[in-house]
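> 0 is the number of the first residue of the sequence shown in numbering that gives the first Met the number 0; add one for each residue after it.
Glycine is no exception: its CB is placed at the ideal position from the N, C-alpha and C atoms.
Okay, here's the structure, questions in a sec.
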Amino acid sequence: MTLFVDTSAFYALMDRDDRNHDRARRFWAELSPEEPLLTHSYILVETSALVQRRLGIDALRAFVDELALPISTVFVDRAVHEAAVSGVLSAQMRQLSLVDVVSFEVMRRAGITAAFAFDEHFARFGFHVQPN
0 MTLFVDTSAF YALMDRDDRN HDRARRFWAE LSPEEPLLTH SYILVETSAL VQRRLGIDAL
60 RAFVDELALP ISTVFVDRAV HEAAVSGVLS AQMRQLSLVD VVSFEVMRRA GITAAFAFDE
120 HFARFGFHVQ PN
C-alpha cells in the first residue's frame, strides 16, 4: 500500500527542534525500503520554502537529495488544482490550506488512505495518519 508524505512529516524529519522530530525519525527508520511513498509538487514547494528559510541552503540540499528525490511525485495539474481551490472555498476553514486540499485530492485519485503526517486535517478528512 502506498503511503502519502506530507510537509509536516518532511519538516519534522529535517528540523531537530520540531516537536515531532523524534517520532518522525523513528517512523522513517522503520519504513521498509520497498514501501511505496508518494507526495506532490506543491508539498515539495512548500517544504523547500520552509526548509530553506528556517534551516538554510545546506538543509535544503539534504532535503532534496535524501528525502525528496527517492519519493514518487505527482505534479499537480489544472484539474487537481481547480478541485482543491473549490474544496478550500467550500470547506470555509481558515486553517485549511490549498496544499492540504491538493493532498486530499491527490490521495483520493490515487486510492491512498494513509499519510505520514503530523497535520490533524488528514484525520479530520478521513485519512489514516501515521505514526499514530
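Please go through the same chain and pick out, in chain order, the residues whose beta-carbon is closer than 6 angstroms to the beta-carbon of PHE179, but skip the five residues on each side of it.
Outside the modelled stretch of the chain, which goes from 0 to 131, sits residue 179, for which no answer is possible.
> If you compare alpha carbons, which of HIS80, GLN94, ASP118 is closest to ARG108?
HIS80
> Does DSSP put GLN51 in a helix, in a strand, or in coil?
helix
> Let me know if GLU104 comes out buried or exposed under the rule of 16 or more other beta-carbons within 10 Å of its beta-carbon.
buried
> For GLU45, does the count of other Cβ atoms within 10 angstroms reach 16, so buried, or fall short, so exposed?
buried
> Pick out the complete alpha helix (DSSP H) segments inside the stretch 81–117, 4 residues or longer, and give them in chain order.
97–109
> From ALA58 to TRP27, what does the alpha carbon distance come to, in whole angstroms?
17 angstroms
> Let me check one thing: in DSSP terms, what residues is SER71 bridge-paired to?
For SER71, which the question treats as bridged, DSSP gives the partners LEU37.
> Rounded to the nearest angstrom, what separates ASN19 and GLN129 at their Cα positions?
12 angstroms
> What residue range does the beta strand (DSSP E) around LEU2 cover?
2–4
> Taking only the alpha-carbon atoms, compute the straight-line gap between VAL100 and ARG123 and give it to the nearest angstrom.
12 angstroms
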